[in-house]
Amino acid sequence: DGGITQSPKYLFRKEGQNVTLSCEQNLNHDAMYWYRQDPGQGLRLIYYSQIVNDFQKGDIAEGYSVSREKKESFPLTVTSAQKNPTAFYLCASSSGLNTEAFFGQGTRLTVV
Amino acid sequence: QKEVEQDPGPLSVPEGAIVSLNCTYSNSAFQYFMWYRQYSRKGPELLMYTYSSGNKEDGRFTAQVDKSSKYISLFIRDSQPSDSATYLCAMRKNTGGFKTIFGAGTRLFVKA
């Protein structure tokens, strides 16, 4: 089955630690995205990538980093510089930058 | 003022009711309009995708866009308990690079 796989589903991190969230897609999509979702707020774009080895900052990129070494993979690292990292993180992909996006099931990150 | 406004609800209706979910927006450049359904602790799934003004129907769901009023709606006929979820509107421009804006979502409860 084609889809987007995010792992892990739940993640706990101690303050001061970096943590990497995985996102893999087998839809052969060129574009991939990372969003953050907080209660009462819309999805906010962290980073996006149109093509391998290229990515762009979204609205809230500070404290996050990404890489796009393979078409199917777009991992997100939440660094210790992110002041409020506890949130629900969603990865998405689309065939092109201006086509509808399909989402993974999310990773809930909690800082303890 | 947010670019996209969506009443967070919650909206509670009896089974079989017609549900109306709405979003307003301020940017007249938005051309593409989407509705996503998100179950608790899951990623959003695309329900409807429309371009410019008009109606689009898919089974029990109808999406309506009124660009003159900057107002979009999602109607759900014969609502079912399985429709209980958060509904997110989203929209983007046709040009000027990638920028999809999401509403905060409306929580819907359909009571059996």
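Line order of the protein sequences matches chains A and B. With our numbering as the guide, the letters of the first sequence map in order to residues 61 to 172. With our numbering as the guide, the letters of the second sequence map in order to residues 20 to 131. Virtual Cβ for every residue (Gly too), placed ideally from N, Cα, C. The structure presented is a predicted model; accordingly, all values stated were derived computationally and were not measured.
Item: Buried versus exposed call for B/R96 [16 or more other C-beta atoms within 10 Å across all chains shown]; Value: exposed
Item: Members of the stretch 27-38 of chain B that neighbour chain A once the beta carbon cut-off is set at 8 Å; Value: P27
Item: Rounded Cβ spacing between A/T167 and A/K69 (contact assumed at less than 8 Å); Value: 6 Å
Item: B/Y51 beta carbon less than 9 Å from that of B/M110; Value: yes
Item: Beta carbon proximity, A/S96 to chain B, threshold 9 Å; Value: Reading off the sequence shown, one finds Arg at residue 96 of chain A, where the question assumed Ser. It does not: the Cβ of A/R96 has no partner Cβ on chain B nearer than 9 Å.
Item: Closer than 9 Å to chain B by CB, A/E160; Value: yes
Item: Inter-stretch contact at 8 Å, needing at least 3 Cβ pairs: the stretch 23-39 of chain B / the stretch 86-104 of chain B; Value: yes
Item: Contact under 9 Å by Cβ, A/D114 with A/S155; Value: no
Item: Simplified DSSP assignment, three categories, for A/P145; Value: coil
Item: Nearest-angstrom Cα separation, counted from B/G124 out to B/P27; Value: 6 Å
Item: Where the stretch 74-93 of chain B meets chain A: residues whose CB sits under 7 Å from a CB there; Value: none
Item: Nearest candidate by alpha-carbon position, reference A/L103, set B/F128, B/G122, B/A104, B/L30; Value: B/G122
Item: Local conformation of A/P68 per DSSP, three classes; Value: coil
Item: Neighbour list for B/A123 in chain A, Cβ cutoff strictly below 8 Å; Value: G100, Q101, G102
Item: Proximal residues to B/Q83 (C-beta, below 6 Å), its chain only, five neighbours per side dropped; Value: N74, S92
Item: Short Cβ contact (9 Å threshold) for B/T105 with B/Y58; Value: yes
Item: Best match in A/L81, A/Q101, A/G76, A/Q110 for proximity to B/E22 [C-alpha to C-alpha]; Value: A/Q101
Item: Three-state class that DSSP yields for A/P135 in the structure shown; Value: coil
Item: Rounded distance between the beta-carbons of A/Y108 and A/Y93, thought under 8 Å; Value: 4 Å
Item: Contact set between A/G164 and chain B, taken where Cβ atoms lie within less than 9 Å; Value: G62
Item: Chain B contact for A/R168 (CB, 9 Å cutoff); Value: yes
Item: Which listed residue (B/Y70, B/T81, B/K61) has its alpha carbon closest to that of A/E160; Value: B/Y70
Item: Proximity below 9 Å, CB of A/I111 to CB of A/V126; Value: no
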